[in-house]
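First up is the structure itself, then whatever we jot down about it.
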Amino acid sequence: MTDTQSKELKVREKQEVTSPAEQTTPGLVFTPAVDIFETEKEITMLADMPGARAEDLSIDLRDNTLTLSADIAPVGNTDEENILIEYESGRYYRQFTLGELINQEKIGAQLNDGVLRLSLPKVEKATPKKITVKAG
Amino acid sequence: MIYRRVFNVPSWRFRSPFDELERMRRQMDRLFEDTMSPHQRPRAGVFPLINLTEDKDNYYVRAELPGVKGDELDIQATSNNLAISGERKIAAEEEGAKYHRREREAGTFSRMVALPGEVNTDKVEANLQHGILTVVVPKAEVAKPKQISVK
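If you read the protein sequences in the order shown, they are chains R and S. Under the numbering used here, the first residue of the first sequence carries the number 951, and numbering increases by one thereafter. Under the numbering used here, the first residue of the second sequence carries the number 165, and numbering increases by one thereafter.
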């Protein structure tokens, strides 16, 4: 599904996470926008996380729950004064439940220009084995 | 509480019938301010949202542009304006990919940022890293604050 015409991008508010659990470090937490699509072999997830660096990113998959979380690089010097602030910076956090079985060893992740590309290869279906019955 | 004093004696208050309502209204305003303050930020409503800060030598303009490469971005500086425009593209995926969720958007954007003072357009630097654009605009000499010593 591709857009053949370019349209103007509209402003989208960053969605803040309102979770019942309290944060251990102060700061805002946002949910990154993601695209999820699936082919026969794998599930691919693309997440917009501007400001996230590869070393601050943690991807956790356990019990069929995928957790993405990233810290952001600190911005600016302390002696800067604000004139106009239109967006806040904060950490990113999002959780997904995966229905498919994923081959955890082959998960690939790439972070380029603030976009995370996560590829989750599906477990290959076991080839059917023919069982011969010995007549006894 | 708004009330009228009769003969300037505090105990003889002439309460208007709308006092209770005034108090309630003010409390509701305060309640809404606290819960909605991030959304009441003044903004131009144009993509991309920017943060403009300054120190004594430079202005800093920052914007979040994930997935945009440096050569797809066009930045122009005039004497006190900065124009940022470009296009965010989303790469087409292979045939037969089924989308379960589509939250990211692609499109063109264009924005003009008015800078509060004169700037030196020859020395503007822009840096796009991790999806965050930072433009450092040095102030013109005449706009820098000068220390005046008192003899």
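The beta carbon of each residue, even a glycine, is placed where N, CA and C say it ideally should be.
To the nearest angstrom, report how far apart residue i and residue j are at their CA atoms.
i	j	result
residue 1072 of chain R	residue 1014 of chain R	12 Å
residue 252 of chain S	residue 1063 of chain R	12 Å
residue 229 of chain S	residue 978 of chain R	19 Å
residue 1087 of chain R	residue 992 of chain R	For chain R, the structure presents residues 951 to 1086; residue 1087 of chain R sits outside this window and is missing.
residue 964 of chain R	residue 1037 of chain R	8 Å
residue 304 of chain S	residue 1005 of chain R	38 Å
residue 332 of chain S	residue 211 of chain S	The structure shown has nothing for residue 332 of chain S, since chain S only spans 165 to 315.
residue 222 of chain S	residue 300 of chain S	6 Å
residue 987 of chain R	residue 306 of chain S	55 Å
residue 186 of chain S	residue 1034 of chain R	33 Å
residue 953 of chain R	residue 1061 of chain R	Low per-residue confidence applies at residue 953 of chain R: pLDDT is 41, beneath 50, and the placement is therefore not dependable enough to give any value.
residue 294 of chain S	residue 260 of chain S	30 Å
residue 282 of chain S	residue 288 of chain S	12 Å
residue 271 of chain S	residue 1020 of chain R	26 Å
For the beta strand (DSSP E) that residue i lies in, which residues bound it at each end?
i	result
residue 1059 of chain R	1058-1062
residue 264 of chain S	262-266
residue 998 of chain R	992-998
residue 296 of chain S	296-302
residue 275 of chain S	271-278
residue 979 of chain R	979-981
residue 1069 of chain R	1065-1071
residue 986 of chain R	984-988
residue 246 of chain S	245-252
residue 256 of chain S	Note, residue 256 of chain S: premise wrong, no beta strand (DSSP E); not H, not E.
So is the beta-carbon of residue i under 8 Å away from any non-hydrogen atom of the ligand ATP?
i	result
residue 961 of chain R	Ligands in the displayed structure: none, and consequently the ligand ATP is not present.
For a contact meaning CB atoms closer than 8 Å, what does residue i contact in chain R?
i	result
residue 235 of chain S	Simply none; closest approach about 12 Å.
residue 196 of chain S	Correct list: empty, because the minimum Cβ distance to chain R is about 17 Å.
residue 273 of chain S	958, 959
With a CB to CB cut of under 8 Å and the five nearest residues on each side skipped, what residues in its chain are close to residue i?
i	result
residue 1045 of chain R	1015, 1016, 1017, 1018
residue 1025 of chain R	1001, 1039
residue 966 of chain R	978, 979, 980, 981, 1040
residue 1079 of chain R	none
Under 7 Å between beta-carbons, which chain R residues line up against residue i? List them in chain order, please.
i	result
residue 211 of chain S	959, 960, 961
residue 257 of chain S	987
Give the interface partners of residue i over in chain S, defined as CB-CB distance under 7 Å, in chain order.
i	result
residue 1042 of chain R	Within chain S, no residue comes near residue 1042 of chain R; the closest Cβ sits about 11 Å away, beyond 7 Å.
residue 998 of chain R	230, 231, 268
residue 1026 of chain R	217, 224
Near residue i, what residues of its chain come up, given a Cβ to Cβ distance below 7 Å and the 5 sequence neighbours on each side ignored?
i	result
residue 220 of chain S	308, 309
Short of 6 Å in beta carbon distance, which residues of its chain neighbour residue i, apart from the five on each side in sequence? Order them along the chain.
i	result
residue 292 of chain S	234
residue 976 of chain R	none
residue 248 of chain S	239, 275
For residue i, go through chain S and note every residue whose CB falls closer than 9 Å to its CB, in chain order.
i	result
residue 1023 of chain R	293, 294, 296
Please list the partners that residue i has in chain S, where partner means a Cβ-to-Cβ separation under 8 Å.
i	result
residue 1009 of chain R	The contacting residues do not exist; residue 1009 of chain R stays about 17 Å from chain S at best.
residue 1001 of chain R	228, 294, 295, 296
residue 1161 of chain R	Because chain R spans 951 through 1086 in this model, residue 1161 of chain R falls outside it and cannot be assessed.
| Segments assigned beta strand (DSSP E), at least 3 residues, entirely inside the segment 1000-1044 of chain R | As far as the segment 1000-1044 of chain R is concerned, its whole beta strand (DSSP E) runs of at least 3 residues are 1002-1012, 1015-1022, 1031-1035.
| What are the complete beta strand (DSSP E) segments, minimum 3 residues, inside the segment 214-238 of chain S? | Correct list: 214-218, 222-228.
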